[in-house]
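First the structure, in the form of structure tokens, and then the observations on it.
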Amino acid sequence: MKSRHSKAALALTAVAGLAMATTAMARDTIQIAGSSTVLPFASIVAEEFGHAFPQFNTPVVGSGGSGGGLRQFCQGVGPNTIDIANSSRPIRSAELENCRNNGVTEIIEVMFGYDGIVFASRADGGSFALEPHHVFLAGAAQVPQNGRLVNNPYTRWSQIDSSLPNQEIVLVIPGSNHGTREVYEETVVHPGCKSFPEVQAMERSAQNNFCNAIRTDGRVVEIAGDYTETLARLDAQRSALGVFGLSFYDQNRDRLQVATVSGVTPSLETIGSGEYPVSRPLFFYVKNQHVGEIPGLLEYAQFFLSAEIGGMGSPLEDAGLIPMDNTERAQITRAVRSRTLVQ
Amino acid sequence: MKISTVNPQDKTALAQQRDLMQQRVAQSLAKRHAKEKRFKLTGQLAVGTALAFVAILFISIFSKGLPAFWQATLTLDIYFDPDIILIDEKPVQAAGESDATFQERYQAWQMDLAFINFNGLILNALAEVIPEAAAHPRDAMRLVTSGERIALRNLVEEDPSIIGSRKRLNLLADANVDVWIKGNIDRDLADSRQQLSARTRGWVDQLVEQGVIKNRFSTALFMNADSRSSLASAGLAGAFMGSLMMMLIVMFLAVPLGVASAIYLEEFAPKNKLTDLIEVNINNLAAVPSIVFGLLGASVFILWFKLPLSAPVVGGLVLSLMTLPTVIIATRSTLKAIPPSIRSAALGIGASKVQSVFHHVLPLAIPGILTGSILGIAQALGETAPLLLIGMSSFVASVPSSPFDQSTALPVQIYLWQGNELRNFFEARTSAAIIVLLTMMISLNALAIWLRRHFENRW
């Protein structure tokens, strides 16, 4: 009886001791989390970084969406917080504020390339030649009609425009936890929405609210998970049109066909040149206060920016990243070297 | 049934009544039999449906996953060309040299090695079997998965004397080559929708015919950690070690704690309001959704105790908390099932309370305790949700060497592979990982059943 008790007590002290021991122990592996769009790129870089620098551990890359990653990033400074947040959109001022309140005052912003957002449907369905206003009309809660705003009456794409396939409208878009959603709204929905004179007549804030409102009759499906979930939706629903990253579409070309937007087919070239309208820069944020504490942090950032890993013909380009041009690359590399902080 | 008294002489009336009764019995019997049959049938139907679903699940997982245990592999003669591998001799620690300076020299040598183009060796070897390969290096390098250059580098690092020699090696083919050979992509699709170029596809078919590419048992699946830059080499070793470490922590934390508290509560604790409250709360704890334990782990172990993120130590602690009530409840019910006569007999011959419990009750309870603990551990092994919240769903490209290193776990690895972009390759890989996890679970459960059978006590 007594021995049992003392054993239990022993176990408890062991746990407590364990906790104590680790507070003093510094971490020597870079910890990264954030955007699921950036995850494949960051994972490749992390792995190659481990191969190229035998003196550093291979960084660990988590997911959780841009918002989730930045929230974790802003939790504070110390070995139990992450060092780098991946993001498919620039950090917001509210997030910076949150960071500052928790003591994360020194942040280095690194832009490392571009990514395209594509609309794709099942290979055995009709093909789409989309214009921004088609997407807006398909997904909006209310649409302008003859000077008035009416509840969205469209149920088939062909009702919106006779050039579109005669298919049920089902639009599968990323949930608001994804940075991709913001880009989708800003580069497709808003231009489409604001092409209507009824919307142009509204006030600015009303305009944004009106354009962002999505219909709730089940024809717009928000996906909180990753693109595989979107793909599964398309597998189940033949008529659905999904929003994907270019790299995801590229690796599943046998099942998907891509839609043109404003007449341009998305590809590395058309996105790189800016011809294809739906693209965005990708970022990661480095906690400058951890540089020097966590070995290899600045080296990782520089390695990520090297043309060898992210330029033309590099592993990242193979994975679907659209490289920056050399002047941009040089400029950002210089900023990282001098550890220029976000103001 | 009450039989009314009748005149014994009136035999016909009696017979009539007997007939009537028999008839009624027969009728109700038929009814009851029919009822029984219906019930049996419903039961069988329910069991049948459940079994059918299990069968569908197993068939779909096994038919998808089994092929992934064999992977397209190229057998090539690699010439470790001294003109490509330009490297100084491997540093040896000189007598009297401090560890730090040797480490520095060794790392400098490793860095030199890291800059060597090992892909050049692979390309040269490919050119021996496909003469046109040298002219189209980009297409040729799509044949072999990119991680194999690291494998060659490791060979040289281990034993630099192989420089200048030829060696017949098995190199993993690229994930897309594997997909093409196994027919996981439609071979008739147009070029623009294929992952490999027409030239590479032609070479693959040619190499299969020549016997250079073969499906070989995939050791990579078991020996490698996860990979994203070289998809074909992604393996389960990291996740397996992570799971193993967590299970050891659960075994050495949750089982002794749980058994000890169960013995105390069952055998020693006074029965009062307080112990009742504890009992109710233990049952409540067993019903708490596992994700709640993950939240607790994230806020207590990581933010408070400052334990590292993504580490098996935190996962193990969280899963221990989750398993604790299961172990306590199983142990208590085993102790309850032991007849009081055993205790009375022990006490009767003068044993103390502690002696009666530890010498007589506990040995009899061991099979039940073991079964409960193993089932608890098996449940913890398959748990995913709490691990997502403590950062264990990260991509980790190395095998952890201690519980404080970053790691994933088997169920989380399944979740991660399920989300990989290259669906054609990872659908099978995911199912293969499920098979590995299922095999472990089934063996744990089988062990539990065996222990129960083997040590079963009858009284």
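Each protein sequence line maps, in turn, to chains A and B.
Just so we're aligned: 256 in the numbering used here is position 256 of the first sequence, and the numbers increase by one with no gaps anywhere.
Heads up: take any position in the second sequence, counting from 1, add 1000, and you land on the numbering used here.
In this text, a Cβ means the ideal position worked out from N, Cα and C, and glycines have one as well.
Non-local beta-carbon contacts of D83 (chain A) in its own chain, meaning distances under 8 Å to residues more than five positions away in sequence, involve I30, Q31, I32, V286, K287, H290, I294 and L297 in chain order. Within chain B, no C-beta atom comes less than 7 Å from the C-beta of P153 (chain A); the nearest is roughly 36 Å away. Taking 8 Å as the CB threshold, A46 (chain A) lines the interface with chain B.
Just so you know, the alpha carbons of A85 (chain A) and N102 (chain A) end up roughly 15 Å apart. Its chain contains F1102 as the residues whose beta carbon lies nearer than 6 Å to that of Q1093 (chain B), once the 5 sequence neighbours on both sides are disregarded; these appear in chain order. Taken in chain order, the members of the stretch 313 to 325 of chain A whose beta-carbon sits within less than 7 Å of a beta-carbon on chain B are P315.
Within its own chain, the residues whose Cβ lies closer than 6 Å to the Cβ of V135 (chain A), once the five positions on either side in sequence are excluded, are V188 and G192, listed in chain order. For W1070 (chain B), the beta-bridge partners assigned by DSSP are B:F1217. Counting along the chain, K287 (chain A) sits inside the beta strand (DSSP E) bounded by residues S279 to K287. The stretch 1197 to 1242 of chain B contains, as complete alpha helix (DSSP H) runs of 4+ residues, the segments 1198 to 1210 and 1220 to 1223 (chain order).
By the C-beta criterion, the stretch 258 to 267 of chain A is judged not to be in contact with the stretch 1415 to 1432 of chain B, since fewer than 3 inter-stretch pairs fall below 8 Å.
Under the three-pair Cβ rule at 8 Å, the stretch 1235 to 1251 of chain B counts as touching the stretch 1310 to 1317 of chain B. Against chain B, the beta carbon of P79 (chain A) has neighbours under 8 Å at K1306 and P1308, listed in chain order. Residues of chain A whose Cβ lies closer than 8 Å to the Cβ of R1423 (chain B) are, in chain order, T228, L231, Q251, N252 and R255. In the pairwise beta carbon analysis, the stretch 1221 to 1240 of chain B is classified as not touching the stretch 1346 to 1355 of chain B: fewer than three pairs are separated by under 8 Å. Between S43 (chain A) and F1395 (chain B), the beta carbon gap of about 4 Å places them in contact (Cβ cut-off 8 Å).
In the three-state scheme derived from DSSP, where H, G and I count as helix and E and B as strand, Q1406 (chain B) is classed as coil. H1033 (chain B) and Q1027 (chain B) have their alpha carbons spaced roughly 10 Å apart.
The alpha helix (DSSP H) runs of length 4 or more contained entirely in the stretch 159 to 188 of chain A are, from start to end of the chain, 179 to 184. A buried status is given to L1321 (chain B), since no fewer than 16 other beta-carbon atoms sit within 10 Å of its beta-carbon.
Not flagged as an interface residue toward chain A: I1442 (chain B), since no C-beta distance is shorter than 8 Å. The CB of R1193 (chain B) comes closer than 7 Å to the CB of R253 and D254 in chain A, given here in chain order. Listed by position along chain A, the residues whose Cβ is nearer than 7 Å to that of I1185 (chain B) are D254. Taking 8 Å as the cut-off, the Cβ atoms of Q1210 (chain B) and P54 (chain A) do not count as close.
At a cut-off of 8 Å, the C-beta of V1396 (chain B) has a neighbouring C-beta in chain A.
Bounds of the alpha helix (DSSP H) holding L1295 (chain B) are S1290 to L1296.
Residue contact with chain A for A1114 (chain B): present (Cβ-Cβ distance below 8 Å to some residue of chain A). Per DSSP, reduced to three states, the secondary structure at F1053 (chain B) is helical. Taking the beta carbon of R1228 (chain B) as reference, the chain A residues within 7 Å of it are P40, S43, I44 and E47, listed in sequence order.
Here S273 (chain A) is exposed: its Cβ has fewer than 16 other Cβ atoms, across all protein chains shown, within 10 Å. The DSSP-derived three-state label of R1168 (chain B) is strand. Contact of Q55 (chain A) with chain B is assigned, a C-beta pair being separated by under 8 Å. Below the 7 Å Cβ cutoff, chain B contributes P1308 as neighbours of R27 (chain A), in chain order. Along the stretch 1378 to 1397 of chain B, going in chain order, the ones with a CB nearer than 7 Å to a CB of chain A are G1391, S1393, S1394, F1395, V1396 and A1397.
Taking a Cβ-Cβ threshold of 9 Å, none of the residues of chain B is close to H290 (chain A); the smallest such distance is about 13 Å. The Cβ-Cβ distance between V1327 (chain B) and S1373 (chain B) falls below 8 Å.
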